[in-house]
Amino acid sequence: MITLSMIVKNEEKYLEACLKSVKDVVDEIILVDTGSTDNTIEIAKKYSAKIFHFEWINDFAAARNFALEQSTCDWILYLDADECLSKESISEIIKLTKYPKRHAYYCIINNIDEINFHTMVMTYPRLFPNEKHVRFEGKIHEQIEPSLLKNNFKIKNSTLKIDHYGYNISEEDLQKKAKRNLEILLEEYAESSSSYFAFQIGQSYGTLKEKENAKKYFTYALQDTKLAKEYKSIAYRYLAANNMVHQNYPMALELINKSLQCDNEQPMALVVGSQINMELGDMDIAGKYCRKAFEENRKYLKGEKTSNQNILVDELQLCNFGLKIALLSKNKELFNFFYKEYPLLYKTSNVGEVDLYNQLLNNQPISYEKLAVYAGIVTSANIELILTLFDYYKDPFVKLEMLQLIKERFQEHAGFHNKLGLLLIETEKYSEAKTVLEWGVKNDPQNQVAINSLAKVNQLLGFSANDNSLIQQKSAEEQVLDLYAQTYSLYEGKLFYESLTVLSELEKFINVSVEEINYDTMISIINLSGHNYLALGEIDKAREAFERALSLNPSSSSACAGLGETFLSQEKYSEAKTMFEWAVQNDEKNELALQKLININKILGLDENDFSLNEGT
545 MITLSMIVKN EEKYLEACLK SVKDVVDEII LVDTGSTDNT IEIAKKYSAK
595 IFHFEWINDF AAARNFALEQ STCDWILYLD ADECLSKESI SEIIKLTKYP
645 KRHAYYCIIN NIDEINFHTM VMTYPRLFPN EKHVRFEGKI HEQIEPSLLK
695 NNFKIKNSTL KIDHYGYNIS EEDLQKKAKR NLEILLEEYA ESSSSYFAFQ
745 IGQSYGTLKE KENAKKYFTY ALQDTKLAKE YKSIAYRYLA ANNMVHQNYP
795 MALELINKSL QCDNEQPMAL VVGSQINMEL GDMDIAGKYC RKAFEENRKY
845 LKGEKTSNQN ILVDELQLCN FGLKIALLSK NKELFNFFYK EYPLLYKTSN
895 VGEVDLYNQL LNNQPISYEK LAVYAGIVTS ANIELILTLF DYYKDPFVKL
945 EMLQLIKERF QEHAGFHNKL GLLLIETEKY SEAKTVLEWG VKNDPQNQVA
995 INSLAKVNQL LGFSANDNSL IQQKSAEEQV LDLYAQTYSL YEGKLFYESL
1045 TVLSELEKFI NVSVEEINYD TMISIINLSG HNYLALGEID KAREAFERAL
1095 SLNPSSSSAC AGLGETFLSQ EKYSEAKTMF EWAVQNDEKN ELALQKLINI
1145 NKILGLDEND FSLNEGT
C-alpha cells in the first residue's frame, strides 16, 4: 500500500491535476497544509485526503517529516502540488511496491518550462519504504537520500516519471521563488557552512542575476574537495560562462575544462565549452563539443540517461548553433549532421526557414516582398544563425531592411544591435547607427563590438568617442568607488589574485583620469592591496603596501593593524603589539585590532588590557 505524502500552501492552481494523476495508485493521501488561504483544502477534500495543519517555521524538512509521521502505508511517494505522476508510470509503481523491500527508487523528474525555454531532467528518490528512522534533512532543498543511505536502504533506478510544472512560470515569479529559497539557504549556511548549501546559494543568486554573489558562493562550494562531481561541474560551468561574457577567454577555458573533467556529459557545460573554444578560434573542438552536446541532450530527452543535476538545451537552438559553427569553420560533415537532425526539416510548414538559410548562404537575390515573409520566420532560436549567415550575403540594403522589420522583437539582443549598427554605418546612416549602438552599450556595457562601433560613428559625427546620450556619464570619482567595491567583493570571495589585478588597474586609472583623489579612498585602496598580499603569504609586499599607506596618513588605523598583522605572521610579537596599539589609539572602534592586541598580550604573559603607549603619558 502507498501513501502520497505532501506539504502545501495556496496550491489551488496545480493541486487537482496532481491528485488526479495518483488517485488510482495511492491508498492514502496525507496532506500537510502550512497556511493556505485559497481553495487548496476544498480541493484536497474531494480526493478524501487526510488533512493536517503545520505552523510554518521556515523549514521544509520539518514539514515533510511531520507528514511522514502521519503516514500509515508501507510505501511513501512524495510529490509537490505542482507535480504529476505520468500515466505510463502507473503500472510500474504498482509493480515496484507489490512487496515490502529494503529498496528506494529514483524517479525521473521532468521540469517543464515552456515560458523561459529551459529544460531540466533530473532524478531523485521519491518512492521509498515507510520506515520510522528515515527522515528528511535540510530546511530548504530538503533531501531524503542521506537518511536512506544511513539506514542501509539501496536506491535503485526506475522508469517512474514525474512532470514538474513549478518552473513553468514567469521570470518575475521565478525570481520570487529564488528569493524565498535564498533566505532559508543563507540561514542554513550560517549554521553549517556546508558546501552543498553554498552551491545552492550560488544557484539562487544565479537565478536572481546577482552575478558577483553567485560567483562568490560557487567559489566557496568548490573549496570542498568532497563536493559531488555533478555540483562541481555546474559551479565551474557558471564561472566559465561568467568569464566568457567578460571576454576573459583563457580563464574561461581553464574553468570549463575543469567542469568537463568533473562531468563530460552535461549538455550545458558542453555548449559553454563549444562557445569558449569558438571564441578562441579552435573551431574543431567547438564543433566536437557542440555535436556531443546535441547527442547527450537527445539521450536525456529520450530518457536513455538520467542525472540528479542536469540542465538540458532546446534542440532547435542547439541545431542552429551547430550550423553556425559548421558555416564559420566550413565543416561540411558537421553541417550535414545538424542539417539532417534539424527538427524543422520534418515540418513542411517551416520550409520557408530552410529557403531563407539557402538564399543567405548562397547569396541568392531576395525580393523586398519576400522579406516580410522571412521576417516572420526569425525567432530567438534562430536569430544567431541568421546573423551569421548575413556574413555570406552581399546586399547591405536587403539585410538592413530585414533587420528593421524585426527590430522591435530583439531590442535586448547584443548581436542584433551590433549587426544593425554596422549595417547602418556601412550604408552611411550614421545618426541612426549612433542610436542603435547606444542602446547596445546601454543593454550590455561589456559589448565590445558595440563600444568600438559607437566610438567610430561618434568620430564620424564629431562627438567624443564614449558619448552616449542614453547613459549619464559617471564622474571619475564615482568610477573609482565602483571599481573599489568590485575589488573588495573579490577579496571577500577569496579571489586574491583577481582582486590585486583590478586594484592595479584602478591605480592606473587614478593616475590617468583623476585630477584629485580623496586621501581616504587612496589609503583604502593601498590597504586592500596589503590585505590581499597578506592572504597570499607575500609578507614583504604586504608590509610595503601598509607602510605606503602610513606615509600618506600616519593615523590610518587600518594600515597600523595591517602592519601589525605582518609582524604577527613572523612571530615578532613586540613589534606587532606596538602596531596594534597604534591602531586602537587611532580608532577605538577597531574591534579586530583590539582583539589581536588582547591575544598578543596573553602570548607575552601580560595583562590582556596592557597598553604600553599609555606608559609615556
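Positions in the sequence shown are counted from 1; adding 544 to them yields the working numbering. Glycine residues also receive a C-beta, built at the ideal position from the N, C-alpha and C atoms. All figures in this text were calculated on a predicted structure; none of them were measured in a lab.
Remark: C-beta atoms of D571 and C628 do not approach each other more closely than 8 Å.
In this structure, DSSP gives C806 a helical state, which the three-state scheme calls helix. Counting C-beta atoms within 10 angstroms of its own C-beta, H597 has fewer than 16 neighbours from the protein chains shown and is therefore classed as exposed. Under the DSSP assignment, L1157 falls outside any beta strand (DSSP E); it carries neither an H nor an E label.
Counting the other CB atoms within 10 Å of its CB gives A765 a total of 16 or more, which places it among the buried residues. Counting only unbroken stretches of 4 or more residues, no alpha helix (DSSP H) element lies wholly within the segment 1069-1095. DSSP, read as helix, strand or coil, puts R679 in coil. According to the DSSP secondary-structure assignment, E572 is paired through a beta bridge with T547. In this structure, DSSP gives L856 an extended state, which the three-state scheme calls strand. When secondary structure is reduced to three states using DSSP, V917 falls in the helix class. By the neighbour-count definition (other C-beta atoms within 10 Å, threshold 16), Q908 is an exposed residue. A contact between stretches requires three or more CB pairs, one per stretch, nearer than 8 Å, and the segment 1046-1055 fails this requirement with the segment 1002-1017. Nearest C-alpha to A837 among E1082, M812 and D828: M812.
Straight-line spacing of the CA atoms in I829 and E848 works out to 25 Å.
Residue state for W1126 is assigned as helix, using DSSP reduced to three classes. From the listed residues L862, K978, Q805 and M827, the smallest Cα separation to R842 is found for L862. Rounded to the nearest whole angstrom, the CA to CA distance from D1151 to C806 is 53 Å. G750 and Y780 have their C-alpha atoms some 13 Å from each other. Distance from the CA atom of Q614 to the CA atom of K884, rounded to whole angstroms, is 55 Å. Here I820 carries a helix assignment [DSSP, helix/strand/coil].
Minimum Cα-Cα distance from L752 among the listed residues I745, F741, I778 and Q719 corresponds to Q719. Between E727 and K683, the C-beta gap is not smaller than 8 Å, which leaves the two residues out of contact. With a contact defined as Cβ atoms closer than 8 Å, S1100 and I1067 qualify at about 5 Å. Secondary structure remark: continuous alpha helix (DSSP H) runs of at least 4 residues inside the segment 732-820, in chain order: 739-751, 755-766, 773-789 and 793-806. DSSP, read as helix, strand or coil, puts R608 in helix. I653: member of the beta strand (DSSP E) spanning H647 to N655, first to last residue. The three-state secondary structure of L947, taken from DSSP, is helix. The segment 1113-1120 and the segment 1087-1102 do not touch, with fewer than three beta-carbon pairs separated by less than 8 Å. Residue pairing from DSSP places H597 in a beta bridge opposite D577. Out of T1065, N987 and D988, the CA that lies nearest to the CA of V1024 is found in T1065. Take G1106, set aside five residues on each side of it, and the residues of its chain with a beta-carbon closer than 8 Å to its own are N1071, G1074, H1075, L1078, A1086, A1089, F1090 and A1093, in chain order. In this structure, the CA atom of W600 is about 58 Å from the CA atom of K943. Rounded to whole angstroms, the separation of the alpha carbons of Y844 and I656 is 14 Å. In its chain, beyond the 5 residues on either side, E732 have a beta carbon closer than 8 Å to the beta carbon of S738. At least 8 Å separates the beta-carbon of V1001 from that of A994.
By the neighbour-count definition (other C-beta atoms within 10 Å, threshold 16), V789 is an exposed residue.
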